[in-house]
Amino acid sequence: MIRQLLYRSGQLYEFTVPDMVRLLLQSRTFNARHGIGGMLLLRDGLFMQLLEGPAAAVDALYARIASDPRHCEVRLMVRAERTAPLLPGWRMGWSEAPLDGEAPVFHGLETDTRALALLESARSDRVAAAMRDFLHGAPVPGGGLGCARVMERVL
Ligand SMILES: Cc1cc2nc3c(=O)[nH]c(=O)nc-3n(C[C@H](O)[C@H](O)[C@H](O)COP(=O)(O)O)c2cc1C
Numbered sequence: 531m532i533r534q535l536l537y538r539s540g541q542l543y544e545f546t547v548p549d550m551v552r553l554l555l556q557s558r559t560f561n562a563r564h565g566i567g568g569m570l571l572l573r574d575g576l577f578m579q580l581l582e583g584p585a586a587a588v589d590a591l592y593a594r595i596a597s598d599p600r601h602c603e604v605r606l607m608v609r610a611e612r613t614a615p616l617l618p619g620w621r622m623g624w625s626e627a628p629l630d631g632e633a634p635v636f637h638g639l640e641t642d643t644r645a646l647a648l649l650e651s652a653r654s655d656r657v658a659a660a661m662r663d664f665l666h667g668a669p670v671p672g673g674g675l676g677c678a679r680v681m682e683r684v685l
């Protein structure tokens with residue numbers, strides 16, 4: 531069995547493209563070493579991240595991520611056990627959903643379209659559905675809205 535966590539948060543730090551490249555590289559290296567996989571999504575100043583892997587390693591990583599001051603209002607949406615990962619082989623996929631008519635903020639970073647295709651094909655999976663809804667801008671309760679507004683005021 532593996533543990534699966536899904537959380538939402540609000541972006542608090544104004545990541546540059548190199549910052550985000552560094553975060554993803556660091557994450558992929560660390561996650562690969564600990565058998566953890568998943569995907570990080572960004573939409574309109576909000577993050578959603580899937581973490582899956584050995585229970586203790588996933589819980590320990592989540593505790594570290596949750597105390598990272600670069601985001602806030604970290605809200606756990608799903609904590610479950612499953613027999614196989616939703617995104618096998620993905621050490622940390624990435625996708626940003628640009629707002630209508632706007633260029634993506636992280637234009638240098640390639641969306642992991644194969645991971646997105648896996649989310650699309652998992653039609654009856656509630657975690658995949660929550661991730662698809664998030665990217666399509668559906669209003670999802672809780673997680674990050676307050677601090678995304680704080681960042682808007684700061685910028
Ligand atoms: C939105 C977000 C997602 C993150 N995802 C991961 C991740 O999947 N793996 C990882 O090792 N670090 C991730 N980090 C970075 C960790 O929060 C932390 O900075 C990193 O593990 C280094 O921890 P340390 O400074 O205690 O050594 C993420 C940070 C943020 C803000």
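In the working numbering, the protein residues as written are 531 to 685. Don't be surprised by glycine CBs; every beta carbon is placed ideally from N, CA and C.
Three-state secondary structure assigned by DSSP to residue i
i: F545; result: coil
i: F636; result: coil
i: I595; result: helix
i: L675; result: helix
i: A610; result: strand
i: S654; result: coil
i: L576; result: strand
i: L649; result: helix
i: M569; result: strand
i: L553; result: helix
i: L581; result: strand
i: R538; result: strand
i: R605; result: strand
Residue i versus residue j - alpha carbon distance
i: R653; j: L581; result: 19 Å
i: D574; j: G676; result: 12 Å
i: L644; j: P599; result: The amino acid at residue 644 is misidentified as Leu; the sequence shows Arg. About 30 Å.
i: T613; j: I532; result: 6 Å
i: L553; j: S597; result: 15 Å
i: S539; j: L555; result: 20 Å
i: F636; j: D549; result: 10 Å
i: A587; j: G674; result: 24 Å
i: D589; j: S651; result: 27 Å
i: R594; j: V604; result: 11 Å
i: E544; j: A610; result: 31 Å
i: L649; j: R656; result: 10 Å
i: G547; j: E632; result: The question names Gly, but residue 547 in the sequence shown is Val. Approximately 16 Å, taken between the alpha carbons.
C-beta atoms of residue i and residue j nearer than 8 Å
i: M622; j: L570; result: yes
i: A658; j: L616; result: yes
i: V551; j: G667; result: no
i: I566; j: L591; result: yes
i: L536; j: A660; result: yes
CA nearest to the CA of residue i, picked from the options
i: T559; options: R662, W620, P615; result: W620
i: S625; options: D642, V635, G631, P618; result: D642
i: L572; options: R656, P634, A647, L648; result: P634
i: H601; options: D655, G631, Q579; result: Q579
i: A647; options: F636, P618, Q534; result: P618
i: A562; options: G631, G583, F664, D663; result: G583
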